[in-house]
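Below: one structure, written as structure tokens.
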Amino acid sequence: MREDFSFNEQVAVVFDDMLCRSVPCYQLVLDGMAQILDRRLTDHALVYDLGCSVGTTLCHLASRLAARSLRYIGVDKAPAMLAQARTKQGSAAPGATLHFEEGDITSCPLDGAGAILCNYTLQFLRPVSRQAFVDRVYAALPAGGVFLLSEKTIAHGPILNRDFIAIHHTFKRARGYSELEIAAKREALENVLVPFSVSENMALLHAAGFAEVEVFFSWFNFSSFVALKK
Numbered sequence: 175m176r177e178d179f180s181f182n183e184q185v186a187v188v189f190d191d192m193l194c195r196s197v198p199c200y201q202l203v204l205d206g207m208a209q210i211l212d213r214r215l216t217d218h219a220l221v222y223d224l225g226c227s228v229g230t231t232l233c234h235l236a237s238r239l240a241a242r243s244l245r246y247i248g249v250d251k252a253p254a255m256l257a258q259a260r261t262k263q264g265s266a267a268p269g270a271t272l273h274f275e276e277g278d279i280t281s282c283p284l285d286g287a288g289a290i291l292c293n294y295t296l297q298f299l300r301p302v303s304r305q306a307f308v309d310r311v312y313a314a315l316p317a318g319g320v321f322l323l324s325e326k327t328i329a330h331g332p333i334l335n336r337d338f339i340a341i342h343h344t345f346k347r348a349r350g351y352s353e354l355e356i357a358a359k360r361e362a363l364e365n366v367l368v369p370f371s372v373s374e375n376m377a378l379l380h381a382a383g384f385a386e387v388e389v390f391f392s393w394f395n396f397s398s399f400v401a402l403k404k
């Protein structure tokens, strides 16, 4: 019987390794986020990471932007993920104002947010609920606030979409995944991870009211977006 993907303790322990072997250019995306936040935020601004998993993104940002004295809150509903995040935060970002909280990202408080991040998380929400989620993010941000979103995406053309998926599988095989592991992961994520296209994600952001929306990174079927509120 197929077992759907779950962010349990078994996954949490290997999550960083899984990201590096499954998500192309992951560190490059984090570096791009750091550069955008460095340019857009004032010192001591508060950054939320919704669906923070094991805290890698916030730990990287806290280390990279240490001179800016930014504050960080990571929210996730998986206790096993948060346990890993709290374990790594002392060594990865010593002295940073960094907290990890258990909560539902669709309803958790976002008080005082200067920037909100959502890395490969929106794709796990039911499609019909995504506009309300993005609307809520927009409402929580002040004028000048930043929303950074990374997602696995689909192409509208079926031929290119199949090509992009095949290229991603080649990427994973080159990093040690077997055909069986790739097939099992894809089956486990079926109906759990439902990707939108680039244009559909941008439409969500525009509909919420963001004044400027751009793709700042793209690799076949992976895309990262920056949205500014005016």
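Offset between the sequence shown (1-based) and my numbering: plus 174.
Glycine is no exception: its CB is placed at the ideal position from the N, C-alpha and C atoms.
No experiment lies behind these values; they were computed from the predicted model shown.
Name the one or two DSSP bridge partners that residue i has.
i, result
"Phe-370", "Thr-327"
"Asn-335", "In the DSSP output, where bridge partners are listed per residue, Asn-335 has none listed."
"Ala-289", "Val-221 and Val-320"
"Val-249", "Leu-224 and Glu-275"
Can you give me the start and stop residues for the alpha helix (DSSP H) that residue i sits inside?
i, result
"Glu-361", "353-363"
"Phe-307", "304-314"
"Ser-398", "Here Ser-398 belongs to no alpha helix (DSSP H); instead the beta strand (DSSP E) covers 396-402."
"Ala-208", "200-214"
Give me the Cα-Cα distance between residue i and residue j, rounded to the nearest whole angstrom.
i, j, result
"Val-400", "Leu-322", "5 Å"
"Phe-179", "Arg-349", "With a pLDDT of 46 at Phe-179, under the threshold of 50, the modelled position of this residue cannot be trusted, and the question is left open."
"Thr-216", "Gln-297", "30 Å"
"Glu-177", "Ala-241", "Below a pLDDT of 50, predicted positions are generally treated as unreliable, and Glu-177, at 44, falls in that range; the measurement from the model is reported next regardless. In a straight line, the C-alpha of Glu-177 is about 44 Å away from that of Ala-241."
"Ser-392", "Ser-371", "12 Å"
"Met-376", "Thr-231", "22 Å"
"Gln-201", "Gln-263", "17 Å"
"Asp-405", "Ile-333", "Lying before the first or after the last residue shown, residue 405 is absent from the chain, which here runs from 175 to 404."
"Gly-288", "Tyr-312", "11 Å"
"His-380", "Glu-386", "8 Å"
"Gln-119", "Lys-359", "As displayed, the chain neither begins before 175 nor continues past 404, which places residue 119 out of reach and without an answer."
"Ala-362", "Glu-353", "14 Å"
"Ala-329", "Gly-269", "43 Å"
"Asn-395", "Arg-347", "16 Å"
"Val-185", "Tyr-351", "15 Å"
"Gly-331", "Phe-338", "11 Å"
"Met-175", "Thr-344", "Low confidence applies here, because Met-175 scores a pLDDT of 36, under 50, leaving its location unreliable and the question unanswered by this model."
"Ala-382", "Ala-314", "12 Å"
"Pro-198", "His-342", "8 Å"
"Pro-316", "Ala-357", "43 Å"
"Arg-213", "Thr-280", "28 Å"
"Glu-273", "Tyr-246", "First, the amino acid is wrong: residue 273 is His here, not Glu. Computed Cα separation, rounded: 6 Å."
"Val-366", "Arg-300", "9 Å"
"Gly-318", "Glu-388", "15 Å"
"Asp-191", "Ala-267", "19 Å"
"Val-368", "Thr-271", "34 Å"
"Val-188", "Glu-275", "21 Å"
"Ala-335", "Val-203", "In the sequence as presented, Ala is not what sits at residue 335; that position holds Asn. Using only the alpha carbons, I get a separation of about 22 Å."
Taking the beta strand (DSSP E) that residue i falls in, what are its first and last residues?
i, result
"Cys-194", "Run containing Cys-194: none in the beta strand (DSSP E); it sits in the alpha helix (DSSP H), 189-196."
"Val-221", "220-224"
"Thr-271", "271-276"
"Gly-237", "Note that residue 237 is Ser in the sequence shown, not Gly. Here Ser-237 belongs to no beta strand (DSSP E); instead the alpha helix (DSSP H) covers 230-238."
"Phe-391", "386-393"
So, under 8 Å CB-CB, residue i and residue j are touching, yes? Tell me the CB distance rounded to an integer number of Å.
i, j, result
"Ala-219", "Leu-239", "Not really, about 10 Å apart at Cβ, beyond 8 Å."
"Phe-390", "Lys-403", "Actually they do not touch by this definition, with Cβ atoms about 16 Å apart."
"Val-249", "Gly-277", "5 Å"
Taking 8 Å as the cut-off, does the segment 201-210 touch the segment 234-245 (at least 3 CB pairs, one atom from each stretch)? yes
Pair every Cβ in the segment 217-230 with every Cβ in the segment 285-304, then say whether three or more of these pairs are closer than 8 Å. yes
For the structure I just gave you, are there three or more beta carbon pairs, one from the segment 316-331 and one from the segment 245-260, closer than 8 Å? no
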